[in-house]
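Here's the structure, in C-alpha cells; my notes come after.
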Amino acid sequence: MLHQLYRSYTGSFTGLRKEVWLLALITLINRAGTMVIPFLSLYLTKSRGFSLEDVGWILTFFGLGSVTGSWLGGKLTDEIGHYKTMAASLILSSLLFVLLQFPESFWGICTGIFLVMMVADMFRPAVFVAISAYSKPENRTRSVTLIRLAINLGFSAGPAIGGLIITGIGYSGLFWVDGITCLAAGILLLKLLNPKRALENAKEINLKPQSVLKDKPYLIFISAMILFGFIFLQYFSTVPLFYAEIHQLSEFEIGVLLGFNGLIIFLFEMPLIKFLEIKKNSATNYVIIGIVLAGISFLAINLSNWLGVLVIGMFLLTIGEMIAFPFSNSFALQRADKGKQGSYMALYSIAFSISHIFGHNSGMQLIGKFGYSFTWNVMIGLALISCLLLVWLKFKLKKETF
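For the sequence shown, the UniProt record's numbering gives the first residue as 1, with consecutive numbering after it.
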C-alpha cells in the first residue's frame, strides 16, 4: 500500500522538462529568502511603532509597487524576453531588500517598499511565460504546480526560520537573508538556465495578437481573481495580527502556523492536481471550488475562540489555494495564446497586485473600525461575489464555442 502511494506520488512529477525543474529550484531559493513579507505588518507595528491605519497605507504602496512591477515585467518580457527580465529582477531586488531596513520615516518606508515590490514583481509575468516556453501544453498545469510547490516549500521553511531570526538577532537579519537569497537565485539563473532550450511553439509567434483589454471573458476572470486575491492575502497581513492580538500567539508560533500552509502544499498539491486533471473538469469549475473553500476558512475562524479552529481555517484555505491557483494559472496561460503572452500574464499578476493595494489597507481599516469578526464576514461575501463572476465567465465561454 505504501509502495503504491509512493509510486503514485512520484508519478505526478514525471514528464516535466529539466528547465522547468531548474525554474523551480531558482524559485525555491528566492522564495525561501523572502521572510520579510509575512512578518511585514508585525515589523511595522512592533519594531517601527506604526498604527494599524499607518500600516494599511504602507501596504498600499506594497501593492502599488507590485502593480507597477507586474506591468513593467510584462512589457519587458514581450520586448527583451523572460530570461533577461527574470535575471534583472532577482539581482536588483537583492540590493533593494537589504536597503529596505534603513528608512525610518513613514514616507521613506512607503518609497522603499514601492521600489522593492516594483523590481521583485517584474519576475512574476516573466516566470509564467518561461513556464509556457519550457513546458508542453499538456504539462502546463503541473509545471505551474511545480513552481508553486517550490514557492510553498520555501514558504514553509521561510517563516519558521524567520521567526527564529527575529528572536535571535532581530528584524534586520531578515532583510540581509532576503537580499542574499535573491542574489543567489539570480546567479543560478544565469549559470544554469539556457534560454535556447525553450520549446518551439507556434502559438508563441502570433502574427495578429489580440489586445488583452479587448478579451472580455479574460477581464471577467481577472475581476474574480482580484477578489480572490483580496481575501487570500488577508492570511498574510491581517490574519497574523488576529493570531497575535486575539489568540496571543508569538512570532515563532505564527511562523509555524503559516509554515503549515506550505508543508501541506509540498506534500499533497502535485498528486492532487494530477488526480483532478484526470477528472477532465473545467479549470473554471476547479477555481470556483478553491474560492469556496477559502471563504469557508474565514467562516471557521469566526465561529470559535478555540485554538484548533486556526489550524482548521488554515487547512481549508490551503486546500482551496491548492486547487484555485494552479487552475487559474493554467486558464490564464491558455488564454494568453490569443495575444502577447507577457501582457496577458502581466494582467494576471496585476490582479493580485491590485489585491495588495486594496486588500491589506481595507482589511486594516475594517479591523480598526469594526473588529475582526465583521471583517471576516466581509471576506466571505467577497468570496461569494468572486464565484458568481466565474459562473458568468463560464456562460461567456460557452457562447464562444457556438
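Quick reminder that beta carbons are idealized off the backbone N, C-alpha and C, glycines included.
| Query | Result |
| --- | --- |
| To the nearest angstrom, how far is the alpha carbon of Gly363 from that of Val127? | 29 angstroms |
| Apart from the five residues just before and just after Gly65, which ones in its own chain have a Cβ nearer than 6 angstroms to its Cβ? | Phe114, Met117 and Met118 |
| Going by CA-CA distance only, name the one from Ala224, Ser355 and Gly56 that's closest to Ala324. | Ala224 |
| Could you give the residue range of the alpha helix (DSSP H) that holds Ser66? | Leu52 to Ile80 |
| Using alpha carbons as the reference points, say which of Gly359, Ser132, Glu104 and Ile220 lies closest to His82. | Ser132 |
| Identify, in the order they occur along the chain, each residue of the same chain with its Cβ nearer than 8 angstroms to the Cβ of Glu321, setting aside the five sequence neighbours on each side. | Phe232, Asn261, Ile265, Gly290 and Ala294 |
| Taking the beta carbon of Gly371 as the centre, do at least 16 other beta carbons fall within 10 Å, making it buried, or is it exposed? | exposed |
| Measuring only the C-alpha atoms, how far is Ile205 from Leu267? | The pLDDT assigned to Ile205 is 47, lower than 50, so where the model puts this residue is not dependable; a value taken from the coordinates is nonetheless given after this. About 37 angstroms. |
| What does the Cβ neighbour count give for Glu277, buried or exposed, with the cut at 16 atoms within 10 Å? | buried |
| Can you grab the Cα-Cα spacing for the pair Leu388 / Val292, in whole Å? | 11 angstroms |
| Classify Pro103 as helix, strand or coil using the three-state DSSP reduction. | coil |
| Trp306: buried (16+ other C-beta within 10 angstroms of its C-beta) or exposed? | exposed |
| Rounded to a whole number of angstroms, what is the C-alpha to C-alpha distance between Lys214 and Ala130? | 24 angstroms |
| To the nearest angstrom, report how far apart Thr145 and Pro217 are at their CA atoms. | 24 angstroms |
| Nearest by alpha-carbon distance to Phe106: which of Ser250, Val98, Val55 and Ile166 is it? | Val55 |
| Could you pull out every residue in the same chain whose Cβ sits closer than 6 angstroms to the Cβ of Leu100, ignoring the five residues on either side in sequence? | Gly112, Val116 and Phe175 |
| Could you check what DSSP says for Asp121 in three-state terms: helix, strand or coil? | coil |
| Go ahead and label Ala202 buried or exposed: buried means 16 or more other beta carbons lie within 10 angstroms of its beta carbon, across all protein chains shown. | Any answer about Ala202 is weak, because its pLDDT of 39 lies below 50 and its placement is not dependable; what the coordinates show is given next. By the neighbour-count rule (16 or more Cβ atoms within 10 Å), Ala202 is not buried but exposed. |
| Out of Lys274, Tyr286, Gln341 and Asn281, point me to the one whose CA is closest to Arg142's CA. | Lys274 |
| So, Lys84 versus Ala346, is the Cβ gap smaller than 9 angstroms? | no |
| Please tell me whether Arg187 and Ile109 are closer than 9 angstroms, where the distance is taken between their beta carbons. | At residue 187 the sequence reads Ile, which differs from the Arg that was named. No, Cβ-Cβ distance for Ile187 and Ile109 is not below 9 angstroms. |
| Since Tyr372 is in the alpha helix (DSSP H), which residue starts that stretch and which ends it? | Tyr372 to Glu400 |
| If you run the structure through DSSP and keep just helix, strand and coil, what is Thr14? | coil |
| Let me know if Glu245 comes out buried or exposed under the rule of 16 or more other beta-carbons within 10 Å of its beta-carbon. | exposed |
| At which residues does the alpha helix (DSSP H) containing Lys274 begin and terminate? | Glu251 to Ile278 |
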